[in-house]
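Take the position in the sequence shown, starting the count at 1, then add 784; the result is the number in this note's numbering.
By construction, the Cβ of each residue, glycine as well, lies at the ideal position given by its N, Cα and C atoms.
Worksheet: the structure to be examined is printed underneath.
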Amino acid sequence: MMNFVVLGASKGLGDAFVKGLPEKGDHVWMVSRSRPVSLALNDGVHRYWIEADLSLSTASNHIADAMKDEPIDVLIYNAGIWEKEGFEDHYDFEKDDPKDITNIMHVNTTSAILCTQKLLPNLKKSENAKIILIGSADGIENNESKQVTYVASKFGMRGIGNSLRENLRKYEIGVTCINPGNIAATIPYEEGLEKVLTTYKGKRIPVQDIVSLVKTVANLSKASCVKEINIPAMLDRNA
785 MMNFVVLGAS KGLGDAFVKG LPEKGDHVWM VSRSRPVSLA LNDGVHRYWI EADLSLSTAS
845 NHIADAMKDE PIDVLIYNAG IWEKEGFEDH YDFEKDDPKD ITNIMHVNTT SAILCTQKLL
905 PNLKKSENAK IILIGSADGI ENNESKQVTY VASKFGMRGI GNSLRENLRK YEIGVTCINP
965 GNIAATIPYE EGLEKVLTTY KGKRIPVQDI VSLVKTVANL SKASCVKEIN IPAMLDRNA
């Protein structure tokens, strides 16, 4: 039996983690602002919702209080937001609202640090704990993205992973940062791999592939240290 905590669990990749990672008898705590539809599943997995807004500085304490003394085997920080028109051709950095800049940095980086810090006592209770940070191909050196704040936050996620790893070696807690390219997050996990392949033809990554990666890392022994995984879509030439 394994205990998972997924931050950013209500939709997209987070929803796929909640549906695809656990097996019958496992426990999953889902952290999100909106109620996850996966709570209605009846597949033998025990799912719990922690309602929290990661843009608030109080969120980490609230999550830690909700977890109490439960051990955490796998902690996944999947939360991430970006500039309102960041993926549009007409995106203009000069028009970014300072409040949005601050919020992006808090949700994508500061909150990751705070939540991990507060949940370390729970991770230490596991015999083989793993922390999975979901970064982005946009956070890799010399990418072509123009989204200054989003790129900075995801570059920062890699730094969080590097430093956390050094702090947690003595506890043998693995820390892995996964940097995916464009993900087909709008096609739900349950609709299957083939739909993604036929719809995007290699230009977007199926959520199933990221779930498979996390499963592999989560099931490694604590003798192995997977630092970072970069996974662009095969036919995405910008990643």
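Does the Cβ of residue i have 16 or more other Cβ atoms within 10 Å, making it buried, or fewer, making it exposed?
i: residue 921; result: buried
i: residue 820; result: buried
i: residue 867; result: buried
i: residue 1018; result: exposed
i: residue 785; result: exposed
i: residue 973; result: buried
i: residue 926; result: exposed
i: residue 976; result: exposed
i: residue 882; result: exposed
i: residue 799; result: buried
i: residue 905; result: exposed
i: residue 824; result: exposed
i: residue 981; result: exposed
i: residue 852; result: exposed
i: residue 1000; result: exposed
Opposite residue i in the DSSP bridges: which residues?
i: residue 811; result: 787, 830
i: residue 1014; result: 963
i: residue 1005; result: Residue 1005 is not bridged to any residue.
i: residue 816; result: 835
Are the beta-carbon atoms belonging to residue i and residue j less than 7 Å from one another?
i: residue 994; j: residue 964; result: yes
i: residue 918; j: residue 967; result: no
i: residue 945; j: residue 935; result: no
i: residue 816; j: residue 844; result: no
i: residue 912; j: residue 808; result: no
i: residue 877; j: residue 932; result: yes
i: residue 892; j: residue 864; result: yes
i: residue 834; j: residue 848; result: no
i: residue 937; j: residue 889; result: yes
i: residue 969; j: residue 797; result: yes
i: residue 909; j: residue 855; result: yes
i: residue 822; j: residue 790; result: no
i: residue 971; j: residue 907; result: no
Select from the options the residue whose C-alpha is nearest the C-alpha of residue i.
i: residue 874; options: 997, 930, 1018; result: 930
i: residue 1011; options: 985, 1020, 950; result: 950
i: residue 857; options: 884, 942, 805; result: 805
i: residue 787; options: 799, 823, 860, 835; result: 860
i: residue 988; options: 957, 1004, 1021, 923; result: 1021
i: residue 896; options: 792, 1014, 924; result: 792
i: residue 954; options: 1009, 853, 1014; result: 1009
i: residue 939; options: 924, 928, 814; result: 924
i: residue 886; options: 947, 984, 841, 985; result: 841
i: residue 818; options: 828, 811, 832, 810; result: 832
i: residue 996; options: 916, 947, 984, 852; result: 916
i: residue 990; options: 884, 952, 979, 828; result: 979
i: residue 1004; options: 914, 846, 814, 900; result: 914
Give a yes or no on whether 7 Å exceeds the smallest Cβ distance from residue i to chain D.
i: residue 946; result: No chain D is part of this structure, which consists of one protein chain only.
Is it the case that the CB of residue i approaches a heavy atom of the ligand COA more closely than 6 Å?
i: residue 902; result: The ligand COA is absent from the structure shown, which contains no ligands of any kind.
Where in the segment 925–996 do unbroken runs of the beta strand (DSSP E), each at least 3 residues long, occur, reported from the N-terminal end onward?
-> 958–964
Taking the runs of the alpha helix (DSSP H) that are 4 residues or longer, which of them lie wholly in the segment 821–876?
-> 843–851
With a floor of 3 residues, list each beta strand (DSSP E) that falls wholly inside the segment 896–924, ordered by position along the chain.
-> The beta strand (DSSP E) runs lying completely inside the segment 896–924 and spanning 3 residues or more are 914–918, given in chain order.
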